[in-house]
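In the numbering used here, the protein residues as written are 10 to 403.
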């Protein structure tokens, strides 16, 4: 079926436009017709009058934890932990008490964010000696079930550390269809930077996968680990296929260390994910972008043992990251939107979306007059389209 979106506003262009979608792609973009012509021909055509709503590329969540969320379960009070290791232990206790299957909770989260305009996500999934591959298997099955609604890329994530047994479990997960090798604080959790990164990159090379390492380690230690990741990325021929999530260290070091580290990341094509964290140091987004480093956004924790907050709205997340980065000008707000759309889409390995013929028809419409306004106000969604099919309409 052909879908025609009438009277759409487009970013950076005056007037209204009619956008035609067919076979999962944008077929045509033209100034709005007045009156609207009656469709002819054998192909059924559906129409939606957007009445001036702004049509944008759909949102992408570059970092989420589907298996961790408590959505769909009764409210669970937050359990405190002093430091990463203590919080990991608190989470392991909480997950024994949640009482609702992983797939049920993850599906609740997918349905929620789909209605907010997200059509793809990278989800880290816990693998440890206690849980084994149970969460991996649940999310692989769910991914197939929701394929028409959400593209889900999975990361084998060693949340409790990368022991020899966990390494073997991650190897098995990658063989089952998980695409990305995860890692976690090589120094802070495992106390072995060389061994941890060696295992992560060996798995990536063996399976032809991507890499995404959680890095909370602070200051010059974290910056050293970032440069080690960049060096291993180049050596393994994985330029453009490696990301580091959080990278708090980049917001802690002096200008000289930052400059040296940012240059190494840019040369290796290592991307940095931020969720605009609360009390933690935040990578300086503007400086990283100016240095040529890809920066992308993600929700991270949504109503789980790590945080009681989060609603999965990536447009609101773009606003939060922009706020924390002190973005104020229109071009900066547009850059914030890219953190929730074009950048994570590229990191995941999906083709780019633009409102032009031939582009994938992954779109979201909002009540705003321009892209900076959409980021600043993150208004309700009017329409969500994935591969040319309507997922949500109001």
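The beta carbon of each residue, even a glycine, is placed where N, CA and C say it ideally should be. In this text the structure is predicted, and so the values were computed from the model without any measurement.
For residue i, the first and last residue of its enclosing alpha helix (DSSP H)
{"i": "residue 323", "result": "323-333"}
{"i": "residue 237", "result": "228-244"}
{"i": "residue 213", "result": "202-216"}
{"i": "residue 174", "result": "173-185"}
{"i": "residue 122", "result": "111-124"}
{"i": "residue 353", "result": "351-357"}
{"i": "residue 256", "result": "No alpha helix (DSSP H) contains residue 256, which DSSP labels as neither H nor E."}
Cut-off 6 Å between Cβ atoms - residues of its own chain near residue i, not counting five sequence neighbours on either side
{"i": "residue 155", "result": "119"}
{"i": "residue 317", "result": "87"}
{"i": "residue 164", "result": "133, 189, 191, 221"}
{"i": "residue 323", "result": "68, 70, 127, 349"}
{"i": "residue 309", "result": "72, 284"}
{"i": "residue 100", "result": "314"}
Option in the options with minimal Cα separation from residue i
{"i": "residue 73", "options": "284, 302, 371, 338", "result": "284"}
{"i": "residue 103", "options": "337, 386, 313", "result": "313"}
{"i": "residue 170", "options": "223, 77, 31, 373", "result": "223"}
{"i": "residue 195", "options": "177, 187, 166, 180", "result": "166"}
{"i": "residue 177", "options": "235, 216, 352", "result": "216"}
{"i": "residue 401", "options": "287, 372, 288, 305", "result": "372"}
{"i": "residue 335", "options": "267, 229, 293", "result": "293"}
{"i": "residue 386", "options": "78, 376, 236", "result": "376"}
{"i": "residue 230", "options": "266, 250, 150, 249", "result": "266"}
{"i": "residue 315", "options": "23, 58, 14, 89", "result": "89"}
{"i": "residue 61", "options": "28, 159, 232", "result": "28"}
{"i": "residue 354", "options": "123, 116, 130", "result": "130"}
{"i": "residue 145", "options": "185, 218, 172, 114", "result": "185"}
{"i": "residue 14", "options": "56, 42, 40", "result": "56"}
{"i": "residue 172", "options": "394, 114, 139", "result": "139"}
Local conformation of residue i per DSSP, three classes
{"i": "residue 346", "result": "helix"}
{"i": "residue 316", "result": "coil"}
{"i": "residue 263", "result": "coil"}
{"i": "residue 19", "result": "coil"}
{"i": "residue 369", "result": "strand"}
{"i": "residue 250", "result": "coil"}
{"i": "residue 88", "result": "coil"}
{"i": "residue 134", "result": "strand"}
{"i": "residue 290", "result": "coil"}
{"i": "residue 270", "result": "helix"}
{"i": "residue 304", "result": "strand"}
{"i": "residue 295", "result": "helix"}
{"i": "residue 386", "result": "helix"}
{"i": "residue 196", "result": "coil"}
CB of residue i within 8 Å of CB of residue j, strictly
{"i": "residue 241", "j": "residue 298", "result": "no"}
{"i": "residue 148", "j": "residue 349", "result": "no"}
{"i": "residue 374", "j": "residue 19", "result": "no"}
{"i": "residue 37", "j": "residue 25", "result": "no"}
{"i": "residue 473", "j": "residue 175", "result": "Residue 473 lies beyond the residue range present for the chain, which begins at 10 and ends at 403; the question has no answer from this structure."}
{"i": "residue 35", "j": "residue 364", "result": "yes"}
{"i": "residue 107", "j": "residue 82", "result": "yes"}
{"i": "residue 361", "j": "residue 396", "result": "no"}
{"i": "residue 327", "j": "residue 307", "result": "no"}
Element boundaries [beta strand (DSSP E), containing residue i]
{"i": "residue 336", "result": "From DSSP, residue 336 is part of no beta strand (DSSP E); its letter is neither H nor E."}
{"i": "residue 29", "result": "26-31"}
{"i": "residue 159", "result": "Here residue 159 belongs to no beta strand (DSSP E), and DSSP marks it neither H nor E."}
{"i": "residue 378", "result": "Looking at the DSSP string, residue 378 is not in any beta strand (DSSP E), and its letter there is neither H nor E."}
{"i": "residue 95", "result": "No beta strand (DSSP E) contains residue 95, which is instead part of the alpha helix (DSSP H) from 93-106."}
{"i": "residue 395", "result": "390-395"}
{"i": "residue 64", "result": "63-66"}
{"i": "residue 60", "result": "Counting along the chain, residue 60 falls outside any beta strand (DSSP E), and DSSP gives it neither H nor E."}
{"i": "residue 80", "result": "That residue, residue 80, is in no beta strand (DSSP E); it is neither H nor E in DSSP."}
Contacts around residue i, its chain only, beta-carbon distance under 7 Å, and the 5 residues preceding and following it disregarded
{"i": "residue 343", "result": "380, 381"}
{"i": "residue 209", "result": "190, 192, 220, 222"}
{"i": "residue 225", "result": "93, 194, 197, 255, 257"}
{"i": "residue 331", "result": "341, 342, 345, 384"}
Sequence-distant residues of its chain with Cβ nearer than 8 Å to residue i (five each side left out)
{"i": "residue 21", "result": "379, 380"}
{"i": "residue 121", "result": "80, 320, 321"}
{"i": "residue 8", "result": "The structure shown has nothing for residue 8, since the chain only spans 10 to 403."}
{"i": "residue 181", "result": "142"}
{"i": "residue 227", "result": "257, 258, 261, 290"}
{"i": "residue 268", "result": "300"}
Neighbour flag for residue i against chain C, beta carbons, 8 Å
{"i": "residue 34", "result": "Considering every chain present, this structure includes no chain C. It has just one protein chain."}
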